[in-house]
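For the sequence shown, position 67 matches number 95 in this note's numbering, and the numbering has no gaps at all.
The beta carbon of each residue, even a glycine, is placed where N, CA and C say it ideally should be.
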Amino acid sequence: MARNAAISSEYVDGVKVEVAVARVRAEVASLHAELVRYGLVVWTGGNVSGRVPGADLFVIKPSGVSYDELAPENMIVCDLDGRVVPGTPG
């Protein structure tokens, strides 16, 4: 996947990259609930990130957002240099 490009509809291992991103967003959002459940975080500090399989992308919690407000659609998608991918919600 080209860096600094919006998420494309190309396929990696038979799965559209945009579908893989959606799956990782859901998983990362769900794992943040586990951090709260087990008392591993305070306020908005601490996070979980996930690499998108087969793509040079990862998903991470937005900084400063309450764990109560987290949902898959507001997870941030970045390239491996930490730059937010243009055209992605979050």
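Comparing alpha carbon positions, the residue from Ser91, Leu85, Thr72 and Met103 closest to serine 58 is Met103. Here valine 87 has Val52, Arg53, Val56, Gly78, Met103 and Val105 as same chain residues with Cβ atoms under 6 angstroms from its own Cβ, once five neighbours each way along the sequence are excluded. DSSP places serine 58 outside any beta strand (DSSP E); the residue lies instead in the alpha helix (DSSP H), whose first and last residues are 45-65. Look at aspartate 84 here: in three-state DSSP terms it is coil, with no helix or strand label. If you look at serine 77, you'll find it in the beta strand (DSSP E) that goes 77-79. Sixteen is the threshold: since fewer than 16 other Cβ atoms of the shown chains lie within 10 Å of the Cβ of leucine 108, the residue is exposed.
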